[in-house]
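Inspection log for the structure reproduced underneath, given as C-alpha cells.
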Amino acid sequence: MDKIPMTVRGEKLLREELEVLMKRRPIISQAIGEARELGDLKENAEYHAAREEQGICEAQIRDIEYKLSVSQVIDVTKIQNTGKVIFGTTVSLIDVDTEEEVTYQIVGDDEADIKAGRISVNSPIARGLIGKMQDDEVTITTPGGAREFEISEVAYI
1 MDKIPMTVRG EKLLREELEV LMKRRPIISQ AIGEARELGD LKENAEYHAA
51 REEQGICEAQ IRDIEYKLSV SQVIDVTKIQ NTGKVIFGTT VSLIDVDTEE
101 EVTYQIVGDD EADIKAGRIS VNSPIARGLI GKMQDDEVTI TTPGGAREFE
151 ISEVAYI
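Residue numbering for the sequence shown follows the UniProt record's numbering, beginning at 1 and increasing consecutively.
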C-alpha cells in the first residue's frame, strides 16, 4: 500500500469535503424513504434517482476515507529550506527563451489546479524539477516539446 503525498491544505480540503458528504447521507436516506412511500418502486423515478445519488455519495466517501487513510501529509513550512525542490515547495521558474516567469506549487494529484498555480507531483514539469536546486537550469520535456527553465526561487511556504 503506497502512501499518497498530500499537503496540509490538501488534507484539510479532503476532510471538509468528507464532512459535507457525511451531512448529505441522512438527507439522501430520508429522500429514499419518502420516495418509497410513493408506491411502486419499479416505476418510481424519485426512488431510483435518490438510490443513485446515495451510491455516488457512498463511493465518494469511501474514496476520500481511503485517501486519508493512506495519506502522508507533508508540511514544508516545518522543513529547513535548503533550496532543493521537493514535494510541497513553491518554485519560481524563468523561461530561458522568453524570460517569462511562472510560479508553481508541487502538490498531490487531487490538489492539482494549473490555473491556481498548483501542479501534480506526477506532472512532467514537477518530475523534471524534483531534486533540483535553486539557480539550476533544467530542461523539461513537456507534451509541447523540450523547454529550458532557470529555477529562480524555491520557497518552503
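Glycine included, every Cβ here is placed at the ideal spot set by N, Cα and C.
All values reported here derive from a predicted model rather than from experimental measurement.
The straight-line gap separating the alpha-carbon atoms of E46 and R62 is approximately 24 Å. Checking the DSSP bridge columns, you'll see E34 has no partner listed. Just so you know, the alpha carbons of I130 and A31 end up roughly 49 Å apart. Inside the segment 81-121, DSSP marks whole beta strand (DSSP E) runs of 3 or more residues at positions 90-95, 101-107, 118-120, from first to last along the chain. Membership of I140 in any alpha helix (DSSP H) is not indicated; the residue belongs instead to the beta strand (DSSP E) covering 137-142. Per the coordinates, the alpha-carbon of K78 lies some 11 Å from the alpha-carbon of V8.
N44 and R25 have their C-alpha atoms roughly 20 Å apart.
A straight line joining the alpha-carbon of I94 with that of F87 spans about 20 Å.
Residue burial annotation: V102 is exposed, with fewer than 16 other C-beta atoms found within 10 angstroms of its C-beta. Rounded to the nearest angstrom, the gap between the Cα atoms of K3 and I56 is 25 Å.
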